[in-house]
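A.B. asks:
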Amino acid sequence: MQTRQTSLSLCLALLVMTAACGDRKAGTDGTVGTTGTAVRVTDVSLGRALGADKAVSDSTDKFRPTDTIYASVATDGTAQSATLRAKWTFEDGQTVDESSRTIAPSGRERTEFHIAKPSGWPAGKYKVEVFLNDQSAGTKTFEVER
Amino acid sequence: MGIFDKLRKNDADKPKADFSDVQSGSSSTAAEPAAPLPPLETPTGTSGQSGTYVVVSGDSLSKIAKRYYGDANKWNRIYEANRDLIKDPDLIHPGQRLTIPGA
Numbered sequence: 037m038q039t040r041q042t043s044l045s046l047c048l049a050l051l052v053m054t055a056a057c058g059d060r061k062a063g064t065d066g067t068v069g070t071t072g073t074a075v076r077v078t079d080v081s082l083g084r085a086l087g088a089d090k091a092v093s094d095s096t097d098k099f100r101p102t103d104t105i106y107a108s109v110a111t112d113g114t115a116q117s118a119t120l121r122a123k124w125t126f127e128d129g130q131t132v133d134e135s136s137r138t139i140a141p142s143g144r145e146r147t148e149f150h151i152a153k154p155s156g157w158p159a160g161k162y163k164v165e166v167f168l169n170d171q172s173a174g175t176k177t178f179e180v181e182r
Numbered sequence: 011m012g013i014f015d016k017l018r019k020n021d022a023d024k025p026k027a028d029f030s031d032v033q034s035g036s037s038s039t040a041a042e043p044a045a046p047l048p049p050l051e052t053p054t055g056t057s058g059q060s061g062t063y064v065v066v067s068g069d070s071l072s073k074i075a076k077r078y079y080g081d082a083n084k085w086n087r088i089y090e091a092n093r094d095l096i097k098d099p100d101l102i103h104p105g106q107r108l109t110i111p112g113a
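From first to last, the protein sequence lines are chains A and B.
For any residue, its number in the numbering used here is found by taking its place in the first sequence, counting from 1, and adding 36.
For any residue, its number in the numbering used here is found by taking its place in the second sequence, counting from 1, and adding 10.
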């Protein structure tokens, strides 16, 4: 009986140690902040409108000059602090806008960035690049048509 | 002037688009990071590591202990260091200056 209890205790101890090792691995694999699991960008999508969950409800890569353009960035992971940045550029790299947002993600989250231009977007090809803690995490190209 | 020079000149002559009126914003389903710790005031004791903290609305000893020691269970250290000010450890008031013993 005692041997059985000892074996059970050993198994439990091993389980705890394995779990601890797993956490440490996650922590060195791009973890942001001091605790939590690695945060990563899982999707970047573009559209003309957003839902309440910050996901685009009208996904497209073709816009009209009067459109507000939304980039919805999906992330997964937990951190005390992570900074997302969206850099929007036009054709040969001319910067259109650059903005960032610092979040404390907890699991799956969505962060949206949007741009609008009251005088109308010039027709042409555009690009939005998303950075997570200053590391490029995704790029989307789109076009504004006359 | 070669054809490449001409093309390069045409590119240079092309006026840049004006994006000065672009409006931008962002929002997220994620929470915003917690506000940074308020700094301790200049140490008042002989130990260079202790300091004072001014209680703000919503504070509790365990919250302050969590902030400064990383462990809410260490609230008793702050309580013991401020027995003259705190009669009931569950009741602290905004504006009270608490001594925070060094970690």
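Where a beta carbon is used, it is the ideal one built from N, C-alpha and C, also for glycine.
1) Return helix, strand or coil for isoleucine 151 of chain A, following the three-state DSSP convention.
2) For alanine 140 of chain A versus alanine 41 of chain B, is the C-beta spacing smaller than 9 Å?
3) Specify the secondary structure class of alanine 75 of chain B as computed by DSSP and reduced to three states.
4) In the DSSP assignment, what are the bridge partners of glutamate 179 of chain A?
5) Is it the case that the Cβ atoms of phenylalanine 126 of chain A and lysine 161 of chain A are separated by a distance below 9 Å?
6) 9 Å is my cut-off, CB to CB: does phenylalanine 99 of chain A come that close to chain B?
7) Tell whether a beta-carbon distance below 9 Å holds between serine 60 of chain B and threonine 109 of chain B.
8) Using 8 Å as the cut-off, can you tell me whether the region 86 to 93 of chain A makes contact with the region 131 to 148 of chain A, which would need three or more C-beta pairs spanning the two stretches below that distance?
9) Is there a Cβ of chain B sitting closer than 9 Å to that of aspartate 133 of chain A, yes or no?
10) Rounded to the nearest angstrom, how far is the Cβ of leucine 82 of chain A from that of phenylalanine 167 of chain A, given a contact under 8 Å?
11) Identify which residue in B:Asp31, B:Ala44, B:Ile88, B:Gly80 has its Cα closest to the Cα of valine 64 of chain B.
12) Do you know offhand how far proline 111 of chain B's Cα is from lysine 153 of chain A's?
13) Could you tell me the alpha carbon to alpha carbon distance between alanine 91 of chain B and valine 132 of chain A, rounded to whole angstroms?
14) Cutting at 7 Å between CB atoms, please list the residues of its own chain near lysine 84 of chain B, excluding the five before and the five after it.
15) Can you name the residues of chain B whose CB is closer than 8 Å to the CB of threonine 138 of chain A?
16) Comparing the C-beta of tyrosine 78 of chain B with each C-beta of chain A, is any distance below 9 Å?
17) Could you give the distance in angstroms between the alpha-carbon of arginine 84 of chain A and the alpha-carbon of proline 101 of chain A?
18) In the structure shown, what three-state DSSP assignment does isoleucine 88 of chain B receive?
19) Ordered along the chain, which non-local residues of its own chain (more than five positions away) have a Cβ less than 6 Å from that of isoleucine 110 of chain A?
20) Which bits of chain A does lysine 73 of chain B rub up against, with CB to CB less than 7 Å?
21) In this structure, how does DSSP classify alanine 140 of chain A when only helix, strand and coil are distinguished?
22) Which stretch, first to last residue, makes up the beta strand (DSSP E) that contains leucine 86 of chain A?
23) Within the 9 Å Cβ cut-off, does glutamine 171 of chain A reach chain B?
24) What residues of chain A sit near aspartate 81 of chain B, judged by a beta carbon separation below 9 Å?
C.D. replies: The structure says:
1) For isoleucine 151 of chain A, the secondary structure class from DSSP, reduced to helix, strand or coil, is strand.
2) yes
3) Secondary structure at alanine 75 of chain B: helix, using DSSP grouped into helix, strand and coil.
4) A:Lys98, A:Lys161
5) Taking a C-beta distance under 9 Å as the contact criterion, phenylalanine 126 of chain A and lysine 161 of chain A qualify as a contact pair.
6) no
7) Going by C-beta atoms, serine 60 of chain B is nearer than 9 Å to threonine 109 of chain B.
8) Between the region 86 to 93 of chain A and the region 131 to 148 of chain A there are three or more C-beta pairs closer than 8 Å, enough to call the two in contact.
9) yes
10) Rounded, the Cβ-Cβ distance is 16 Å, inconsistent with contact.
11) B:Ile88
12) Counting only the Cα atoms, lysine 153 of chain A lies some 55 Å from proline 111 of chain B.
13) Rounded to the nearest angstrom, the gap between the Cα atoms of alanine 91 of chain B and valine 132 of chain A is 56 Å.
14) Ala75
15) Glu42, Pro43
16) no
17) 12 Å
18) helix
19) Residue 110 of chain A is actually alanine in this sequence, not isoleucine. Closer than 6 Å at the Cβ level, and outside the excluded window around alanine 110 of chain A, lie Thr78, Asp79, Arg146.
20) Per Cβ cutoff of 7 Å: no residues; lysine 73 of chain B is ~16 Å from chain A at best.
21) strand
22) Boundaries for leucine 86 of chain A: no beta strand (DSSP E) harbours it, and the DSSP string shows neither H nor E there.
23) no
24) Result: empty, since nearest Cβ-Cβ is about 14 Å, beyond 9 Å.
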